[in-house]
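Everything below concerns the one structure shown next.
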Amino acid sequence: MLFTSLAASSLYFLASAILALSPRELAKRHLFFPVRTRVYCTLPERIDGAILKHCQFRSRNKKGPLLHGAYIKKPGAKYVLLLHYGQGGNIAMNIGLARMALAAGQSVFTYDYRGYGMSYGEPSIEGLLDDGVAAHDYLVQDLKIPPSQLVQYGVSLGTGVACHVAEQRRSAAVILMSPYTSLKEASRDSLPFLRLYPDSMFPEVDMGAAPFMKKNRMTPVLIWHGGKDLVIRPENTKRLAKISRAPLTLYLEANLHHGDWSINEMSERVKLFVTGLNSEGPRKDAMIEKDYIEVGRRNSI
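Heads up, the sequence shown is in the working numbering, so the first residue is 1 and it goes up one at a time.
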């Protein structure tokens with residue numbers, strides 16, 4: 001009787017552990033780290049000579065929550081980089097990403113996902129994808145910025161949002177910093193024990209860069225990834241490079257970790273990238289061009 005009771009208890013705790021460590025439960029607890037605020041006291045009216053204006057918007061179908069954004073307009077800029085930041089913080093805590101765009105000579109629009117910063121609602125995978133499209137539509141329809149002047153700029157978790165927007169809406173280019181093929185693949189790369197779980201135990205809605213990279217034939221893409229990234233393994237970027245069919249510039253830096261880049265270096269690369277963009281679209285012969293630049297390594301990927 002005692003043995004049966006102990007066995008039943010062991011099975012119960014084992015089942016509880018399996019469920020607690022399931023991909024779906026882990027996603028609920030560890031995918032989003034929003035920092036909410038009622039007001040941005042630390043954001044100045046000017047950043048590096050560019051004027052910052054706050055705004056509010058929601059999705060065109062009016063079903064989504066009210067979102068907060070900040071448009072930082074750089075004098076003389078040709079492009080607006082639509083910043084989709086990572087899994088944590090808010091606009092103020094990710095302002096360094098905006099400074100990189102400004103240092104590259106471009107304007108930037110950054111916004112809080114639902115449940116982040118000053119935006120209403122609660123974060124979800126599907127919600128973040130909708131928020132990204134809503135931000136793009138706001139720039140085009142309300143601020144009257146032509147799609148040919150919009151560059152999707154995704155960082156870490158936000159690279160999945162950026163690629164979703166680029167798949168749904170026309171953009172001049174896409175910049176991805178530490179991208180992943182899909183949440184499912186990225187999580188299995190970082191946490192190998194998740195390979196034991198079937199696909200049905202992962203979140204129903206997935207996101208990542210792979211669908212866009214497979215379909216994209218025209219939009220130029222710039223990718224940066226640290227070779228020692230333990231958060232989003234560089235294997236994700238290597239897989240994306242293999243399936244890419246559009247003009248691709250790749251920086252895979254062997255000795256750097258997740259987000260371990262400098263504003264000065266990255267802004268110069270972005271400046272070089274956007275300078276080569278043609279507002280009328282890439283040249284026909286550029287559709288099969290790929291530039292693999294592995295900083296710190298001689299071997300190709």
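A virtual CB, placed ideally from N, CA and C, is assigned to each residue, including glycine. Here the structure is a predicted model, which is why all the values come from computation and not from measurement.
Query	Result
Between the alpha carbons of K53 and I72, how many angstroms are there, rounded?	6 angstroms
Below 7 angstroms CB to CB, which residues in the same chain sit around D124 once its five sequence neighbours on both sides are set aside?	Looking at the sequence itself, residue 124 is Ser, so the reference to Asp does not match. Counting only Cβ-Cβ distances below 7 angstroms, and skipping sequence neighbours, we find nothing.
Please name the residue in G64, M213, F109 whose C-alpha comes closest to that of I47.	F109
I223 and A103 - do their beta-carbons sit closer together than 9 angstroms?	no
Does the contact criterion of 3 or more C-beta pairs under 8 angstroms hold for the stretch 82-97 versus the stretch 148-166?	yes
List the endpoints of the continuous beta strand (DSSP E) containing V108.	107-111
Assuming A135 contacts V151 under a Cβ cut-off of 8 angstroms, what Cβ separation, rounded to an integer in Å, is found between them?	Between V151 and A135 the Cβ distance is about 13 angstroms, and since that is not below 8 angstroms, they are no contact.
From the DSSP output, in three-state form, read off T275 for me.	helix
Is K73 helix, strand or coil when you go by DSSP?	strand
Less than 9 angstroms separating the beta-carbons of A92 and G115?	no
Give the DSSP-derived three-state secondary structure of T249 in the structure shown.	strand
Considering A101, what are the terminal residues of the alpha helix (DSSP H) in which it resides?	95-103
Could you say which of T181, V221, S119, G276 lies nearest to L157 if we only look at CA atoms?	T181
Whole angstroms is fine: what's the gap from R170's alpha carbon to L66's?	24 angstroms
Could you please give the first and the last residue of the uninterrupted beta strand (DSSP E) stretch that includes A50?	50-57
Which first and last residues belong to the alpha helix (DSSP H) in which Q149 is found?	It is not in any alpha helix (DSSP H) - Q149 carries neither H nor E in the DSSP assignment.
From which residue to which residue does the beta strand (DSSP E) around I175 run?	173-177
From what residue to what residue does the beta strand (DSSP E) around G117 run?	Premise fails: G117 is in no beta strand (DSSP E) and is neither H nor E.
Across the stretch 213-232 and the stretch 129-146, are there enough close Cβ pairs to call them in contact, namely three or more that are closer than 8 angstroms?	no
Reducing DSSP to helix, strand and coil, say where V80 ends up.	strand
Do G226 and G259 come within 9 angstroms of each other at the CB atom, strictly closer than that value?	yes
Grab the span of the alpha helix (DSSP H) containing G132 for me, first residue to last.	125-137
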